[in-house]
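Contents: one structure, followed by commentary.
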Amino acid sequence: MHTTINNLSLAYTDAGSGPAVMLIHGFPLGRAMWEPQVEALTAAGFRVIAPDLRGFGDSEGPAEGYSMDRFADDVAELMTKLGIGRAVVGGMSMGGYVLFNLLARYPQKIAGAAFLLTRCNADDAAGKARRKALAEEVRQGRRRVVEESFADILFAPGTLKTRPELVERVKGWMSATSDAGLAGALLAMGERPDYCGRLGEFLTPALVMGADEDRIVPPETIGPFAAALPLSSSCIIPGAGHMANLEAPQAFNACLLKFVRLCSQTLDVRGNGNRVLEF
Ligand code: MLT
């Protein structure tokens with residue numbers, strides 16, 4: 024499906040019915056990554072919305088205008104357009120950076136925050152310089168440098184060896200990302216603020232999920248991240264890397280569903296948050 028959001032044509036999946044769950048993809052991917060979660064969540068009685076962020080997948084990729092604020096504004100506006108007051112929102116990696124922005128700027132829209140294979144810290148100086156160098160490679164017509172630098176570290180070593188078809192599918196999604204989206208999102212990620220020092224402010228129920236073979240978000244960062252959030256739980260998916268939702272979908276879905284079920288008790292089917300959790 025497509026709709027016009029903030030003057031751009033955005034593609035999104037809207038499947039199932041029930042309390043709303045919004046899933047935000049990572050970099051340089053797209054909403055196609057959520058297929059196993061869309062299936063599990065809709066079967067469990069939820070409505071799942073998953074956009075392609077501007078510049079990614081089937082969404083329009085403007086030449087300029089990429090920032091975490093813009094990504095979050097697009098997601099917030101999409102919710103409004105679809106008549107969803109509040110949702111449980113899950114953000115994978117870069118999607119988690121967007122989720123932090125939403126929590127800081129649109130907290131009333133979020134019934135639960137699922138931080139999936141992501142982190143709370145900003146890039147350090149070397150990280151920012153690397154993002155800029157990669158964005159420059161894209162601008163010089165060498166986008167393969169970005170695709171190659173992300174391709175292998177997305178997966179656990181075992182997945183790379185035994186599931187070449189999955190690796191190729193994910194690479195296909197990377198190539199669907201526009202040049203402007205690649206460069207724009209790299210720079211936007213480099214500019215994101217640090218939230219680790221602010222975690223105590225976020226009173227929304229939260230889940231922090233990691234994977235024990237994630238080479239982008241080390242699993243040992245998950246416990247401290249969760250512990251600093253006032254209302255949180257965490258889980259580590261065994262035998263999976265950064266693409267744990269595809270590498271180990273059953274364990275990933277079980278952890279996510281438990282959290283979504285708990286948070287969604289505060290939502291009616293239109294996500295209007297008119298129920299109170301009873302303990
Ligand atoms: C992602 O998976 O979204 C990226 O690895 C995030 C990042 O590069 O910081």
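Mapping of the sequence shown onto our numbering: residues 24 to 302, in sequence order.
Glycine included, every Cβ here is placed at the ideal spot set by N, Cα and C.
Just confirm the distance between the C-beta atoms of residue i and residue j, as a whole number of angstroms; I'd bet it's less than 8 Å.
| i | j | result |
| --- | --- | --- |
| Leu254 | Leu226 | 7 Å |
| Ile260 | Ala274 | 5 Å |
| Val61 | Gly113 | Rounded, the Cβ-Cβ distance is 12 Å, inconsistent with contact. |
| Leu140 | Ser116 | 5 Å |
| Leu279 | Leu252 | With a Cβ gap of about 17 Å, Leu279 and Leu252 do not count as contacting. |
| Ala55 | Ser287 | Not confirmed; about 24 Å, so no contact. |
| Ile72 | Tyr35 | 6 Å |
Who are the near neighbours of residue i in its chain, counting only those whose CB is closer than 6 Å to its CB and skipping five residues on each side?
| i | result |
| --- | --- |
| Glu83 | Leu31, Ser32 |
| Phe197 | The sequence as given places Met at residue 197; Phe does not occur at that position. Here the set comprises Pro51, Glu170. |
| Ser201 | Gly78, Gly84 |
Please name the residue, chosen from the options, that lies closest to residue i on a Cα-to-Cα basis.
| i | options | result |
| --- | --- | --- |
| Tyr120 | Ala199, Ile176, Arg142, Leu101 | Arg142 |
| His364 | Val98, Ala110, Leu252 | A query on residue 364 cannot be resolved here, the shown segment of the chain reaching from 24 to 302 and no further. |
| Pro85 | Arg165, Gly204, Val111, Gly108 | Gly204 |
| Gly150 | Val168, Leu209, Leu222 | Leu209 |
| Asp96 | Leu76, Thr244, Ala179 | Leu76 |
| Ala306 | Pro228, Gln288, Gly246, Glu236 | Because the chain here runs from 24 to 302, residue 306 falls outside it and cannot be looked at. |
| Ala269 | Phe178, Gly220, Leu252 | Before going on, a small fix: residue 269 reads as Leu here, not Ala. Out of Phe178, Gly220, Leu252, Phe178 has the C-alpha closest to the C-alpha of Leu269. |
| Ser257 | Met232, Asp175, Ile133 | Met232 |
| Gly41 | Ala110, Tyr89, Gly246, Pro59 | Ala110 |
Leaving out five residues before and five after residue i in sequence, what residues of the same chain have Cβ atoms less than 7 Å from its Cβ?
| i | result |
| --- | --- |
| Ala199 | Gly53, Gly80 |
| Met91 | Tyr120, Val121, Asn124, Ala211, Arg215 |
| Arg154 | Asp146, Leu209, Leu210, Met212, Gly213 |
| Ile63 | The question names Ile, but residue 63 is Ala in the sequence shown. Hits under 7 Å: Asn276, Leu280. |
Are the C-beta atoms of residue i and some chain C residue less than 8 Å apart?
| i | result |
| --- | --- |
| Met117 | Going by chain labels, chain C is absent from the structure shown, which holds only one protein chain. |
Given residue i, which residues of its chain have a CB within under 8 Å of its CB, disregarding the five upstream and five downstream residues?
| i | result |
| --- | --- |
| Ala263 | Ala179, Thr182, Ala234, Asp235, Glu236, Asp237, Glu270, Ala271, Ala274, Phe275 |
Determine, using beta-carbon pairs with one atom in the region 60-74 and one in the region 271-287, whether at least three such pairs fall under 8 Å. yes
Taking 5 Å as the limit, name every residue whose beta carbon sits nearer than that to some heavy atom of the ligand MLT, in sequence order. Gly49, Phe50, Ser116, Met117, Ile239
Indicate whether the contact test is met: 3 or more Cβ pairs, each with one atom in the region 145-160 and one in the region 231-245, closer than 8 Å. no
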